[in-house]
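Remarks on the structure that follows.
Numbering (the working numbering), first residue to last: 19 to 293.
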């Protein structure tokens with residue numbers, strides 16, 4: 019079981035690059051102006067030689083310079099004593115994520131109610147629709163996230179559902195080894211409850227199977243029962259759970275307004291090379 023968990027953790031790290039990353043003694047420090055916890059956390063990827071206290075101090079200093087709290091991703095691969103150490107240091111659980119998996123044995127049974135357009139590229143139109151459905155107005159996020167998607171080192175399948183000329187649903191399949199990971203499954207609010215999400219997932223899974231994928235995985239925030247019911251209906255099953263231990267609750271970049279001069283100045287100082 020641990021080998022499969024490790025494989026999926028590796029796949030998910032490949033699937034979602036951060037804006038900035040650095041390796042520190044078997045840990046990877048990820049930073050993306052708090053776009054998501056996954057892209058703004060510390061993950062353990064190898065053995066350590068530096069004393070734990072020194073490493074924790076160092077990471078907190080790094081994230082303080084970056085302007086966000088230090089966050090650690092805690093998976094079943096992490097020793098429980100490390101999670102306890104973070105608790106004693108004042109870290110709290112920000113949220114819990116459930117990983118689901120399924121085996122692909124060819125096309126899924128059942129029809130696809132909505133027409134789903136698939137592309138091997140992530141377009142600006144797809145990203146604009148994703149931002150609109152997620153309500154992403156933070157100018158820093160709108161600047162850096164396209165480059166994060168462009169940095170995905172694996173083949174992708176971008177899914178879109180249209181109502182006339184408007185994108186009302188998105189999804190992304192990321193192919194790696196014999197897996198496909200499902201990401202960015204979103205449906206415009208007024209269109210929810212009409213099997214659009216199911217159509218997107220079925221189309222992505224079928225396309226991935228045609229391209230050689232034999233297994234699939236996805237991640238869903240604990241408590242999102244509507245999403246879990248959809249994924250169960252497709253054949254996904256619960257596999258493991260992980261959570262994020264966060265240093266403090268302040269989210270400096272989360273609600274930064276579009277026109278904020280501070281946001282623009284900070285972005286120019288730290289990532290001026292981005293286009």
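Think of the CB as a built atom: it goes at the ideal place given N, C-alpha and C, for glycine as much as any other residue.
Identify which residue in the options has its Cα closest to the Cα of residue i.
i	options	result
residue 119	249, 264, 265	249
residue 127	92, 223, 229, 142	223
residue 40	19, 62, 23, 26	62
residue 242	36, 33, 189, 114	114
residue 266	105, 257, 19, 201	105
residue 75	88, 84, 66	88
residue 195	71, 244, 139, 230	230
residue 141	176, 150, 156, 155	176
residue 198	20, 32, 21, 19	32
residue 42	22, 19, 54, 72	72
residue 171	35, 23, 21	35
residue 37	98, 100, 125, 52	52
residue 209	19, 20, 185	185
residue 138	81, 254, 173	173
residue 93	181, 70, 80, 26	26
residue 125	261, 100, 252, 259	252
Does DSSP put residue i in a helix, in a strand, or in coil?
i	result
residue 55	coil
residue 265	coil
residue 88	coil
residue 221	helix
residue 31	helix
residue 93	coil
residue 253	coil
residue 234	strand
residue 67	coil
In the DSSP assignment, find the beta strand (DSSP E) that holds residue i and state where it starts and stops.
i	result
residue 176	174-181
residue 137	135-137
residue 39	38-42
residue 194	184-194
residue 61	60-62
residue 200	197-205
Taking its Cβ as the centre, do 16 or more other Cβ atoms sit within 10 Å of residue i, making it buried, or is it exposed?
i	result
residue 50	buried
residue 169	exposed
residue 211	exposed
residue 30	buried
residue 122	buried
residue 48	buried
residue 68	exposed
residue 64	exposed
residue 236	buried
residue 200	buried
residue 70	exposed
residue 163	buried
On the premise that residue j lies in contact with residue i, defined as a C-beta separation below 8 Å, what is that separation, rounded to the nearest angstrom?
i	j	result
residue 134	residue 179	6 Å
residue 217	residue 130	5 Å
residue 263	residue 90	5 Å
residue 203	residue 191	10 Å between Cβ atoms; not a contact.
residue 57	residue 151	Their Cβ separation, rounded to whole angstroms, is 18 Å, which puts residue 57 and residue 151 out of contact at 8 Å.
residue 86	residue 144	Not really, about 27 Å apart at Cβ, beyond 8 Å.
residue 226	residue 193	6 Å
residue 136	residue 24	In fact, because the Cβ distance is near 30 Å, the residues do not count as touching under 8 Å.
Counting only beta-carbon separations shorter than 7 Å, does residue i have a partner in chain D?
i	result
residue 121	Of the protein chains in this structure there is only one, and it is not chain D.
In the DSSP assignment, find the unbroken alpha helix (DSSP H) run with residue i in it and report its ends.
i	result
residue 160	157-168
residue 114	Unbroken run through residue 114 is the beta strand (DSSP E), 110-121; no alpha helix (DSSP H).
residue 48	Not the alpha helix (DSSP H): residue 48 falls in the beta strand (DSSP E), residues 45-49.
residue 144	142-152
residue 126	Residue 126 -> no alpha helix (DSSP H), and no H or E assigned at all.
residue 229	Careful: residue 229 lies outside any alpha helix (DSSP H) and carries neither H nor E.
residue 103	98-106
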